[in-house]
Amino acid sequence: MAEQIKEPILELAGLRKTFGEAVAVDDVSLTLPPAGAVAIVGESGSGKTTVARMIVGLERPTAGRITACGRDRSAPPRSARERRRRGGEVQIVFQDPYSSLDPRQSPGAAVEEILRLHTSLSAPRRRERVAELADLVGLSDRHMAALPSALSGGQRQRVAIARALAAEPRILILDESVAALDVSIQAQVLNVLADVRERTGVAYLFISHDLAVVRQIADDIVVMRHGSIVERGPAARVLDEPGHPYTRLLRASVPRPGWRPTRKEQEKA
Amino acid sequence: MSGILEISRLTVTLPTPDRPKPVLSDVSLSIAEGQAVGLVGESGSGKSMTARSIVRLLPPGARVEGAIRYQGTDVGGLRGAALRELRAGVPMIFQDPRAHINPVRTIGDFLTEALRIRGRVGRRQAEQRAVRVLGEVGIADGGRRLRQYPHELSGGLLQRVMIAATLLAEPKLLLADEPTTALDVTTQAEVMAVLDELRRERGLAMLFITHDLELAAAVCDRTAVMYAGRVMEVRASAALHDDPLHPYTAALTAARPSLERRADRLATIPGRPLSAFEAPDGCVFCERCPHVREGCRTRRPELRPMSDGEVACLRAEELQAASHG
Amino acid sequence: MTVVSATLRAGRGGRGERGRLGALGMAAAGVIVLAVVLAAVGPILTTADPNASDITHAYGAPAAGHPLGFDGQGRDLLSRLLTGARTSLLGPLWIVTLSMAAGIAVAITAAWVGGWLDSVVSAVLEVMFAFPGVLLAMLVAAVFGPGLNAAVLALAVAYIPYIARLVRSAALAERRKPYIQALEVQGASALSICVRHLVPNLLPIIAAQATLFFSYAMVDLAIVSFFGLGVQPPDADWGTMVGGGQSGVLQGYPAESLLAGGCIVVLVVAFNLLGERLSEGRPTSRPWPWRRTRAVGAA
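Residue numbers (my numbering), protein chains in the order written: chain A, 27 to 295; chain B, 53 to 377; chain C, 0 to 298.
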């Protein structure tokens with residue numbers, strides 16, 4: 027509960043996004059405490075990815091307010107400096123590890139490019155920092171010098187995390203960032219994420235459909251459906267004693283030994 | 053036990069510009085009538101290739117050794133009409149139904165086409181049967197659905213249409229290659245419920261391919277775990293999930309986060325999943341195995357009977373005794 | 000040449016380009032290299048002045064020091080072919096370079112900015128499609144007087160929409176990729192993202208297209224010169240030579256037209272083949288087999 031006393035590092039208030047007639051996100055409000063980890067859980071079409079894209083400025087909210095690190099970012103940046111500052115505050119790691127990296131650029135060069143963009147470090151200092159970041163996500167010098175095509179999905183995703191962390195953002199959005207990974211690799215990346223949060227104090231907004239993964243990483247859970255939040259609370263409470271019928275359905279749909287899948291007999295067009 | 057499907061020592065090699073690459077080696081697996089067998093593995097493990105080998109949907113130039121018997125017939129010898137008959141009789145459903153249905157033709161065209169061509173059934177009769185199978189997969193207003201186009205249906209609904217289509221051939225064995233992987237978890241539950249009911253009502257056997265050990269444990273009678281083109285362990289699903297004999301199965305189970313509690317740290321497997329062509333000599337898992345001994349690097353363990361199933365690990369007994377001791 | 004080597008470099012992330020070119024593609028590249036070398040060192044190979052006319056040798060048969068014989072004005076054919084190679088290669092090179100530069104700039108800007116600018120650009124390109132390049136070049140020659148420069152400029156303008164259309168759609172697809180969006184989120188400037196990441200990743204497509212367009216440009220320029228609106232006499236050019244050799248054909252001396260036409264055909268085929276080979280692998284030139292993604296919870 028101590029976390030709630032702190033000023034939130036990210037605050038969404040009444041966020042709304044429409045695409046033509048369709049309402050993708052409707053009145054979403056949530057707060058993320060510094061060094062916290064909040065998960066947005068929901069199925070396809072729930073609007074969770076649209077929320078993430080609005081926070082990083084890839085979509086423009088139809089209505090509502092986004093405040094990160096105490097500054098409003100609901101409207102597009104007015105200057106190059108403002109754009110860079112926003113980039114230094116909130117970063118994102120996407121789902122697909124295969125198109126997340128420039129195929130012509132080595133991971134080391136990719137991370138260094140971000141350092142050049144955001145810092146005034148000297149070339150030797152930048153190289154040191156690249157090595158530190160590589161170490162943070164468990165990649166070797168050899169990995170950082172290779173081309174992305176020589177790296178596995180898990181390694182690429184770690185590069186994407188290192189690149190996102192290069193400018194030392196206060197908030198990292200992970201949009202289904204471990205969903206495409208094999209189980210054994212997913213575990214490695216989840217551990218890396220836990221280490222990174224502990225060592226850097228970055229806050230996570232973790233977007234996922236996988237409740238077990240969410241339990242492993244998040245302190246709090248927000249459940250979205252059809253663009254709206256239907257339930258929120260501490261992870262253990264939401265998963266162990268779900269209050270909303272939809273959360274209960276999500277929980278009951280997770281396969282486990284002895285599980286008997288059930289038909290809801292709901293007919294959608 | 054003589055099953056509907058018997059795969060013995062299946063080895064598949066694909067040609068590449070450099071050298072032939074093995075994708076499966078010594079895969080043995082059997083499915084009894086009406087039984088659901090899960091095939092679980094990470095990328096490159098060869099699980100899809102195994103299913104494709106059964107209906108001979110392999111890339112051109114693939115070399116196949118070993119035998120696959122479906123209802124006693126060696127499918128390796130089938131050609132032409134006999135092969136087409138096998139493929140019709142052992143239907144396959146895929147992860148992405150949209151890629152396997154013609155987007156400009158109606159659901160009705162899709163469902164009745166095979167019947168009208170192969171079965172020489174009249175249009176009205178074919179449509180009646182199509183509506184009936186749609187009913188079987190829980191799509192009530194079949195008459196209306198027949199006139200719809202694939203893009204008008206959600207992914208879950210379309211996957212049920214694909215399942216309905218397979219029923220028209222009155223199959224005894226269904227091959228399902230990650231049929232719910234692209235679906236939301238609640239939709240997955242519905243599709244799995246449909247498959248589960250059909251299996252019980254029709255005595256349908258199923259080879260269910262998935263990366264999700266929990267899903268396999270939940271819906272399959274037996275589960276086979278594959279790694280680098282080889283079967284590591286085959287056992288009754290619940291036993292395999294709760295008390296794995298092979299270190300790889302154990303590591304997979306441990307690496308998956310739990311819905312019930314948060315682990316301090318997840319137990320990881322060092323390295324990355326290997327494909328058959330990259331596998332080391334000896335046990336294919338030896339480089340990532342926490343229980344590796346010198347012998348594991350030189351001797352390749354065969355799949356051999358143990359407790360209620362089969363396992364391919366030199367130290368299985370030893371490890372079991374240690375974990376239970 | 001620059002085109003080929005750029006592509007060879009661009010391909011280093013994936014499998015080798017040599018495998019993709021195949022024997023035919025390599026042969027085509029060899030022909031092109033040979034033509035470029037001959038054009039460069041031509042004057043050293045032959046001592047005859049390509050413009051020196053000696054009417055006594057009109058349509059003269061091959062002789063010592065003149066292995067291909069003479070044209071209707073008694074000029075040495077070999078030296079005319081070799082000098083003609085220069086204009087015949089440099090003209091298309093300028094056309095391709097200018098139209099590529101303009102087309103890429105327009106396409107990338109439209110694709111990146113999007114919105115109304117993209118709509119306006121697309122509409123303008125549609126209008127430009129309506130003008131056949133050769134016709135435009137002749138129109139320009141009619142207004143500003145004939146000459147190589149006018150023809151090159153006119154053809155370059157006429158090629159812009161074709162290049163812009165291709166690059167625009169490729170750029171639209173590329174900019175939606177997460178690696179570009181990640182840079183946007185970082186706050187990198189549009190110019191730096193485009194120059195450092197977007198365009199280099201489109202380079203294989205651009206190079207393949209440039210090679211193909213080189214062959215079109217050669218033909219179009221030859222047509223313009225054939226009609227006497229391109230390179231002006233007495234300067235040698237293959238297109239002009241085909242046209243200039245006409246009267247020779249009628250008099251039973253087809254060597255000039257045939258030799259010049261043959262050079263055009265061989266090079267056009269070579270550029271075409273190479274362009275085809277370069278573009279063939281494009282859609283599959285991803286450095287790694289595409290791996291399926293699991294349950295996409297994207298909204």
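Ideal Cβ positions, reconstructed from N, Cα and C, are used throughout, including at glycine.
No experiment lies behind these values; they were computed from the predicted model shown.
By alpha-carbon distance to Ile-140 (chain A), the top candidate from A:Ala-192, A:Asp-208 and A:Leu-127 is A:Ala-192. Annotation for Ala-182 (chain B): no beta strand (DSSP E) segment contains it, though the alpha helix (DSSP H) segment containing it runs 175-188. Residues of chain C with a Cβ closer than 7 Å to the Cβ of Val-82 (chain A) are, in chain order, Val-184. The segment 125-133 of chain A and the segment 164-178 of chain A touch, with no fewer than 3 CB-CB distances between them shorter than 8 Å. From the beta-carbon of Ile-140 (chain A), the residues of chain C found nearer than 7 Å are Gln-185.
With respect to the C-alpha of Leu-97 (chain C), the residue from C:Ala-259, C:Phe-212 and C:Leu-201 having the closest C-alpha is C:Phe-212.
His-293 (chain B) carries a helical assignment under DSSP once its states are collapsed to helix, strand and coil.
Contact with chain A is found for Pro-325 (chain B), since one of that chain's Cβ atoms lies less than 8 Å from the residue's Cβ. As the crow flies, the alpha-carbon of Ile-243 (chain A) is around 31 Å from that of His-376 (chain B).
If you draw a straight line from the Cα of Asp-193 (chain B) to the Cα of His-293 (chain B), it comes to about 39 Å.
Given a length threshold of 3 residues, each whole run of the beta strand (DSSP E) inside the segment 91-136 of chain A is given here in chain order: 116-119. If only complete runs of 4 or more residues are kept, the segment 120-180 of chain C shows the alpha helix (DSSP H) at 132-143 and 147-174, in order along the chain. Here Ser-77 (chain B) has Thr-63, Gly-281, Arg-282 and Ala-328 as same chain residues with Cβ atoms under 7 Å from its own Cβ, once five neighbours each way along the sequence are excluded. As a beta-bridge residue in DSSP terms, Phe-69 (chain C) pairs with C:Asp-75. Contact check for Arg-175 (chain B) and Arg-168 (chain B): beta-carbon distance about 7 Å, within the 8 Å limit, so the pair qualifies.
According to the DSSP assignment, Phe-162 (chain B) belongs to the alpha helix (DSSP H) that extends over 159-170. The beta carbons of Pro-325 (chain B) and Gly-96 (chain B) sit about 6 Å from each other, so the pair counts as a contact at 8 Å. Under the three-state reduction of DSSP output, Ile-191 (chain B) falls in the coil class, being neither helix nor strand.
Rounded to whole angstroms, the separation of the alpha carbons of Arg-223 (chain A) and Ala-188 (chain A) is 12 Å. One Cα belongs to Ala-213 (chain A), the other to Val-249 (chain A), and the distance between them is close to 23 Å. Contact check between the segment 224-240 of chain A and the segment 55-68 of chain A: three or more CB pairs, one atom from each, fall below 8 Å, which counts as touching.
It is roughly 23 Å from the alpha-carbon of Ile-255 (chain A) to the alpha-carbon of Val-119 (chain A). Among the bridge pairs identified by DSSP, Pro-357 (chain B) is matched with B:Glu-362. Of A:Arg-225, A:Tyr-230 and A:Thr-226, the smallest CA-CA separation from Ser-203 (chain A) is found for A:Tyr-230.
Residues of the same chain with a CB within less than 6 Å of the CB of Gly-253 (chain A), apart from the 5 flanking positions on each side, are Val-49, Ala-50, Val-51, Asp-52 and Gly-73 in chain order.
In this chain, the beta strand (DSSP E) harbouring Ala-288 (chain B) covers 282-288. Not a single CB atom of chain C sits nearer than 8 Å to the CB of Asp-53 (chain A). The alpha-carbon of Leu-147 (chain A) is positioned some 15 Å away from that of Gly-114 (chain A).
A direct Cα-to-Cα measurement between Glu-117 (chain B) and Thr-68 (chain B) gives close to 18 Å. A buried status is given to Thr-76 (chain A), since no fewer than 16 other beta-carbon atoms sit within 10 Å of its beta-carbon.
For Ala-39 (chain A), there is no enclosing alpha helix (DSSP H); the residue is part of the beta strand (DSSP E) that begins and ends at 36-45. Residue-level contact check: Glu-137 (chain B) does not touch chain A, since none of the beta carbons of chain A fall below 8 Å from its beta carbon.
Taking C-beta atoms as the reference points, Met-99 (chain C) and Ile-205 (chain C) count as a pair closer than 8 Å. Residues of the same chain with a CB within less than 6 Å of the CB of Cys-262 (chain C), apart from the 5 flanking positions on each side, are Trp-237 in chain order. When the five nearest sequence neighbours on each side are left out, the beta carbons in the same chain lying within less than 7 Å of the beta carbon of Gln-231 (chain C) are those of Pro-145 and Gly-146, in order along the chain. Within the same chain, Cβ atoms closer than 7 Å to the Cβ of Val-246 (chain B) are found at Val-189, Gly-190, Arg-212 and Ile-215, the five residues on either side in sequence being excluded.
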